[in-house]
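Numbered per our numbering, the sequence shown spans residues 130 to 307. All residues carry an ideal CB built from backbone N, CA and C; glycine is no exception. The structure under discussion appears below in the form of structure tokens.
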Amino acid sequence: MCMIVDDEIFGLRNVRKIEPVYPSKNQTKFAKAYYVINYSKLRIWEFVEYSKMIYLDGDVQVFENIDQLFDLPDNHFYVVMDCFCEKTWSNTPQHKIGFCQQFPDKVQWPAELGPKPPLYFNAGFFTWWDIYNDETLDYKNTLASVEAEAGAEKNGLKRFLTTVSEVVVHYINAPSAA
């Protein structure tokens, strides 16, 4: 796995190799091989030389300029909502009833299913700001404690975000990405 980064604003791009993050030994029987890639995106915290980054999974296609995302305020975590129409969600009530976070009026959440689930973000796209020098944040231990489970990187990010009291999560539309 690698991430492409700029040397300077108008400089040439470099490729930086990212060391994989493997699940702990006692969790490997539950993990799928591709989770190593998912876990490894949590290494974004190690890019301490940047004040703000936008992370995109390799399967995200950007169709228009997204530079405005760099102008968003710091101390906010900007993400896009996940989609429940994929097969991986087929055992969930959201998938079974056709519930869509992006268009919640399309299918109403039935009262008999209990409270509507909280919003669930897609960890394939997010912005990140300079938090690395904040000694109150324990991002390295959060990375080490992420369990091997479905949606591992999302759960790891959510777990970390719950420890950051000043973080505000904003769900944004991503019309320029698919």
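*Cα separation between Pro244 and Val209?*
The sequence position of residue 244 within the sequence shown is 115, counting from 1. The sequence position of residue 209 within the sequence shown is 80, counting from 1. Cα to Cα, the separation comes out at about 22 Å.
_Cutoff 6 Å; reference Thr265; Cβ partners in own chain excluding five residues on either side_ = Start at 1 with the first residue of the sequence shown, and residue 265 comes out as number 136. Residue placement at Thr265 is poorly supported in this model, since its pLDDT is 48, which falls under 50; the coordinates are not used for a value here.
*With distances taken Cα to Cα, identify the nearest neighbour of Glu178 among Asp188, Asn204, Arg145 and Ser169.*
Along the sequence shown, one-based indexing puts residue 178 at 49. The candidate whose alpha carbon is nearest that of Glu178 is Arg145.
*Determine the direct distance from the alpha carbon of Glu241 to that of Phe250, and round the result to whole angstroms.*
Taking the sequence shown and counting its residues from 1, one reaches residue 250 at position 121. Taking the sequence shown and counting its residues from 1, one reaches residue 241 at position 112. Going by the C-alpha atoms only, they are around 24 Å apart.
*Going by other Cβ atoms of all chains shown within 10 Å of its Cβ, with 16 needed for buried, is Gln230 buried or exposed?*
Sequence index remark: in the sequence shown, residue 230 carries index 101 (1-based). It counts as buried.
*Determine the DSSP secondary structure at Leu248, reduced to helix, strand or coil.*
By one-based count along the sequence shown, residue 248 stands at place 119. Correct three-state label for Leu248: coil.
*Could you pull out every residue in the same chain whose Cβ sits closer than 7 Å to the Cβ of Trp238, ignoring the five residues on either side in sequence?*
Reading the sequence shown from its first residue, position 109 is the one you call residue 238. Same-chain partners within the cutoff: Phe228 and Lys245.
*Can you say whether Gln223 is buried or exposed, counting buried as having 16 or more other CB atoms within 10 angstroms of its CB?*
Indexing the sequence shown from 1 puts residue 223 at position 94. Answer is buried; the Cβ neighbour count reaches 16.
_alpha helix (DSSP H) segment containing Ile183, residue limits_ = Within the sequence shown, residue 183 is the residue found at index 54, counting from 1. Per DSSP, Ile183 belongs to no alpha helix (DSSP H); it is in the beta strand (DSSP E), Lys181 to Leu185.
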